[in-house]
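Residue numbers (numbering that gives the first Met the number 0), protein chains in the order written: chain A, 0 to 316; chain B, 0 to 316.
There are 2 protein chains.
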Amino acid sequence: MSEADDAVDDADDAPVRACPAYLISPSSAVSPAAPVERALANLRRAGFAPVLDRAALRIRQRFAGSDEQRAGAFARAAAQDASLVMITRGGYGLTRILPLLDYRSLARARKRWVGLSDFTAFQLAMLAKARAVTWSGPALLDDFSAERFEDIDQTTLGTFQDAMSGALEIVGFRYAGPKDVEARGTLWGGNLSIVCALLATPWFPRIDGGILFIEDVNEHPYRIERMLTQLLHSGVLDRQSALLVGHVNRYRLAEHDRGFDLQCVIRWLRKQTKTPILTGLPFGHASPKLTLPHGAEVALGTEGRTCYLILDEHHHH
Amino acid sequence: MSEADDAVDDADDAPVRACPAYLISPSSAVSPAAPVERALANLRRAGFAPVLDRAALRIRQRFAGSDEQRAGAFARAAAQDASLVMITRGGYGLTRILPLLDYRSLARARKRWVGLSDFTAFQLAMLAKARAVTWSGPALLDDFSAERFEDIDQTTLGTFQDAMSGALEIVGFRYAGPKDVEARGTLWGGNLSIVCALLATPWFPRIDGGILFIEDVNEHPYRIERMLTQLLHSGVLDRQSALLVGHVNRYRLAEHDRGFDLQCVIRWLRKQTKTPILTGLPFGHASPKLTLPHGAEVALGTEGRTCYLILDEHHHH
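1. When you check each C-beta in the stretch 65-97 of chain B against every C-beta of chain A, which residues fall closer than 8 Å?
2. How would you list, in chain order, the residues of chain A whose beta-carbon sits under 7 Å from the beta-carbon of B/Phe-259?
3. Give the range of the alpha helix (DSSP H) segment to which B/Gly-64 is assigned.
4. Going straight from the alpha carbon of B/Leu-22 to that of B/Gln-60, what length do you get?
5. Between A/Ala-108 and the rest of its own chain, which residues show a CB-CB distance below 7 Å, the 5 nearest in sequence each way excluded?
6. Express the C-alpha separation of B/Val-235 and A/Glu-149 in angstroms, rounding to a whole number.
7. Going along chain B, which residues have a C-beta under 8 Å from A/Tyr-221?
8. Output, in sequence order along the chain, the residues in the stretch 192-210 of chain A whose CB is closer than 9 Å to any CB in chain B.
9. Once you ignore the five residues that flank B/Ala-106 on each side, which residues in its own chain have a CB closer than 7 Å to its CB?
10. With a CB to CB cut of under 6 Å and the five nearest residues on each side skipped, what residues in its chain are close to B/Ala-175?
11. CB A/Ser-328 to CB A/Gly-92, shorter than 7 Å?
12. Check whether the Cβ of A/Thr-305 lies closer than 7 Å to any Cβ atom in chain B.
13. Going by DSSP, what residue range makes up the alpha helix (DSSP H) through B/His-232?
14. So what's B/Ser-104 in DSSP terms, helix, strand or just coil?
15. From the beta carbon of A/Ser-233, is the nearest beta carbon of chain B less than 7 Å away?
16. Could you tell me which chain B residues have their CB closer than 9 Å to the CB of A/Gln-122, listed as they occur along the chain?
17. Looking at chain B, is there any beta carbon in it that lies within less than 7 Å of the beta carbon of A/Gln-229?
18. Count the other C-beta atoms from every protein chain shown that fall within 10 angstroms of the C-beta of A/Thr-305, then say buried if there are 16 or more, exposed otherwise.
19. Taking the straight line between their C-alpha atoms, what separation do you get for A/Pro-25 and B/Asp-152?
20. Kindly indicate which residue of A/Arg-111, A/Asp-66, A/Gly-171 and A/Gly-258 has the alpha-carbon position closest to the one of A/Glu-302.
21. With A/Ile-213 as the anchor, note down where its beta strand (DSSP E) starts and where it stops.
22. Would you mind giving the Cβ-Cβ distance between B/Ser-135 and B/Phe-282, rounded to the nearest angstrom? I have them listed as a contact below 8 Å.
23. Looking at chain B, is there any beta carbon in it that lies within less than 7 Å of the beta carbon of A/Arg-266?
24. Throw me the rounded Cβ distance for the A/Asp-52 and A/Ala-72 pair, which I believe falls under 8 Å.
25. Tell me, please, whether the CB atom of B/Arg-238 is closer than 7 Å to any CB atom in chain A?
26. What residues are listed by DSSP as bridge partners for A/Ala-76?
27. Please report the straight-line C-alpha distance between B/Phe-159 and B/Pro-137, rounded to a whole angstrom.
28. Give the list of continuous alpha helix (DSSP H) stretches no shorter than 4 residues that lie fully inside the stretch 146-218 of chain A.
29. Just by C-beta distance, which residues in the stretch 262-295 of chain A are closer than 9 Å to chain B?
30. Between which two residues does the alpha helix (DSSP H) containing A/Glu-36 stretch?
31. Which of helix, strand or coil does DSSP assign to B/His-293?
32. Measure the C-alpha to C-alpha separation of A/Arg-16 and A/Ala-74 and round it to an integer number of angstroms.
33. Specify, as a first and last residue, the run of the beta strand (DSSP E) that A/Phe-47 falls within.
34. According to DSSP, simplified to helix, strand and coil, what is A/Glu-2?
What follows is the structure in structure tokens.
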């Protein structure tokens, strides 16, 4: 608690019923030019009372502070009062501090940890080491930076609000893939590069019969394929009851690809595994972005071109 | 043998004592604009008699033919007479055909398989599945494409010729790192992205006390660090008696790196492991490029700023 007292309290003008949200920067540095104030204002207007961790705006080379400072932010977040902990942004920096975190202690704090991208490393580690549920969802600068509050994606905002208030019970989205899929298992995954970067390490969770979801950004389809191939060859993919593919974007196809694209990757992968592969999950480095309980038991079903995820709120807090 | 008969015989004008070399394309397609003829002529002048596998110039999207065609090239290479098998180029495509290859049968053919980059996947698999020695060395288009034969890097060419004739017993290079390092173990590794892409799969060899070498291209230092961190956290790095860092190049640092660079990565990594880390190995996507026996027992020693690798030729053929 004493450390959290040093935090910049940004919640003075928040509405009375606002949900306190503690913000940490566990990965890359927040640029001095980033619209932090605007994003905080939008977050307030959305019904949250954001508090910046004292190290959230630190800069050390490309990182948001030293390894110890970034690891310390998790302990401070666990010790302060807000039950919601968000990240300012992703980037890079979490994998190298994984050995510095005490996952059982962080899980005992019973926070709602929310984030994505590089944050996937923390989420996988929390699942592997403490069987803890975290939330795959928005980040401050990625999702709340719009100049006008009205320009914030309404699906992203709505499911985030619902998830954080415990009201999110089901999400549905238009998908492509096999018909009549039914599955039930642990929902897990996130950024594909990070999922693969943890393979063979102590922070990769062993999940059988799970519903694995992936997304990625700035990765050419051949790299996506190489990573999915690693999940295939390591046996992870065959052990899942479904694979959900989210946004894969911001890459550039080249002339020498000669038609090779993400569709080819998915088509090839479907021939290699019996695990049903469903594309179209609204999650990743784009809008809309669902907020999903990472590590929770969920049920998956399809009806026509719609895929539903039924979230059992009682499995997590 | 019958399949190899279909190969384009390109060795008609080779000198009598020329070393026959069979060329395959197991990964990306050779561009129709690539200077294949010039590279073959240079290879001939260097004392080799190159023969192109019948599928070496196939193009299927970004690949040099279908998975089956590229896998078939290995069987054809094993069945033909030349003891030296080279690749036209690397790129991408080997990881997805790893399950299609019969490593014991390929090892029994007792060829000198030479290559690098994506070829690392085959080399690691040969080591994991057949304890077979292969060669980390040049590729046709990467190293023999010079307009003038005289412009081919003399160290690259000389050590390749020596290695292929069985005369390469020791290599030395200027290095940076800890003094007075002495080690002995299995020399293994190659392209870092590929080494990490095989972690947790059946084709990743279990090597204790080895001398691991890595190189990479087009990967930002933060990605190099993330991959080395995976080798660290998976226990692979601590199990080695030395890590040799080759060429890491063709990346661009950004303003927001604020001084973070490859030196920072090496410095950070040295604090995380007791395994001595030596930089300066002439291997990777640049010249000079040594030809090294992948999977062979070697001895490593340093004298002043020079690192030596003593290759025990009798350990392999």
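Where a beta carbon is used, it is the ideal one built from N, C-alpha and C, also for glycine.
Looking at the atomic coordinates:
1. Tyr-91, Thr-94, Arg-95 and Leu-97
2. As a working mapping, residue 259 of chain B is identified with position 260 in the second sequence. Those within 7 Å of B/Phe-259 in chain A are Gln-60 and Arg-61.
3. For the purposes of this step, residue 64 of chain B is taken as residue 65 along the second sequence, with counting starting at 1. Unbroken run through B/Gly-64: none, as it is neither H nor E.
4. By one-based count along the second sequence, residue 22 of chain B stands at place 23. By one-based count along the second sequence, residue 60 of chain B stands at place 61. Their Cα atoms are separated by approximately 20 Å.
5. By 1-based counting over the first sequence, the position of residue 108 of chain A is 109. Contacts found: Ala-77.
6. Looking up residue 149 of chain A in the first sequence gives position 150. Looking up residue 235 of chain B in the second sequence gives position 236. Cα to Cα, the separation comes out at about 50 Å.
7. Numbered from 1 along the first sequence, position 222 holds the residue referred to as residue 221 of chain A. Going along chain B in sequence order, the residues near A/Tyr-221 (Cβ under 8 Å) are Arg-61 and Tyr-91.
8. Ser-192, Ile-193, Cys-195, Ala-196, Leu-197, Leu-198, Ala-199, Thr-200, Pro-201, Trp-202 and Phe-203
9. Taking the first residue of the second sequence as position 1, residue 106 of chain B is located at position 107. The residues are Met-125, Ala-129 and Ala-131.
10. Within the second sequence, numbered from 1, the residue matching residue 175 of chain B stands at position 176. Excluding sequence neighbours, B/Ala-175 sits near Thr-278 and Gly-279.
11. Lying outside 0 to 316, the shown extent of chain A, residue 328 of chain A is not represented and no answer is given.
12. The count along the first sequence starts at 1 and reaches residue 305 of chain A at position 306. Answer no: the Cβ-Cβ gap between A/Thr-305 and chain B never drops below 7 Å.
13. As a first step, residue 232 of chain B is located in the second sequence; it is residue number 233 there, counting from the start. Segment 220-232, the alpha helix (DSSP H) holding B/His-232.
14. Here residue 104 of chain B corresponds to residue number 105 of the second sequence, with the count starting at 1. Residue state, collapsed to three classes: helix.
15. Position 234 of the first sequence, counted from the start, is the residue given in the question as residue 233 of chain A. For A/Ser-233, the answer is yes, since a Cβ of chain B falls inside 7 Å of its Cβ.
16. Residue numbering aside, residue 122 of chain A sits at position 123 when the first sequence is read from its first letter. Within 9 Å Cβ-Cβ: nothing; A/Gln-122 doesn't reach chain B, min ~16 Å.
17. Numbered from 1 along the first sequence, position 230 holds the residue referred to as residue 229 of chain A. Yes, A/Gln-229 counts as interfacial toward chain B.
18. Locating residue 305 of chain A in the first sequence gives position 306, counting from the first residue. With fewer than 16 other Cβ atoms from the protein chains shown falling within 10 Å of its own Cβ, A/Thr-305 counts as exposed.
19. Counting from 1 along the first sequence, the entry for residue 25 of chain A is found at position 26. Counting from 1 along the second sequence, the entry for residue 152 of chain B is found at position 153. Straight-line Cα distance between these residues: approximately 45 Å.
20. Within the first sequence, the letter at position 303 stands for residue 302 of chain A. Cα-wise, what sits closest to A/Glu-302 is A/Gly-171.
21. On the first sequence, residue 213 of chain A is found 214 positions in, with the first residue counted as 1. A/Ile-213 -> beta strand (DSSP E) spans 210-216.
22. Numbered from its first residue, the second sequence carries residue 135 of chain B at position 136. Numbered from its first residue, the second sequence carries residue 282 of chain B at position 283. With a Cβ gap of about 7 Å, B/Ser-135 and B/Phe-282 count as contacting.
23. Position 267 of the first sequence holds residue 266 of chain A. No, its Cβ sits nowhere closer than 7 Å to a Cβ of chain B.
24. Working through the first sequence from its first residue, we reach residue 52 of chain A at position 53. Working through the first sequence from its first residue, we reach residue 72 of chain A at position 73. Yes, they are in contact, since the Cβ atoms of A/Asp-52 and A/Ala-72 sit about 5 Å apart, within 8 Å.
25. One-based indexing of the second sequence puts residue 238 of chain B at position 239. Closer than 7 Å: no.
26. Numbered from 1 along the first sequence, position 77 holds the residue referred to as residue 76 of chain A. In the DSSP output, where bridge partners are listed per residue, A/Ala-76 has none listed.
27. Taking the first residue of the second sequence as 1, we reach residue 159 of chain B at position 160. Taking the first residue of the second sequence as 1, we reach residue 137 of chain B at position 138. Roughly 8 Å between the two C-alpha positions.
28. 153-163 and 191-196
29. Cys-263, Trp-267 and Gln-271
30. Residue numbering aside, residue 36 of chain A sits at position 37 when the first sequence is read from its first letter. From DSSP, the alpha helix (DSSP H) with A/Glu-36 extends over 35-44.
31. The residue labelled residue 293 of chain B in the question sits at position 294 within the second sequence. Note: B/His-293 maps to strand in three-state DSSP.
32. On the first sequence, residue 16 of chain A is found 17 positions in, with the first residue counted as 1. On the first sequence, residue 74 of chain A is found 75 positions in, with the first residue counted as 1. Roughly 26 Å separates the two Cα atoms.
33. Locating residue 47 of chain A in the first sequence gives position 48, counting from the first residue. Run containing A/Phe-47: 47-51, per the beta strand (DSSP E) assignment.
34. Taking the first sequence and counting its residues from 1, one reaches residue 2 of chain A at position 3. Here the model assigns A/Glu-2 a pLDDT of 42, short of 50, so the residue's position is not dependable, and the following value carries that caveat. Here A/Glu-2 sits in coil by DSSP.
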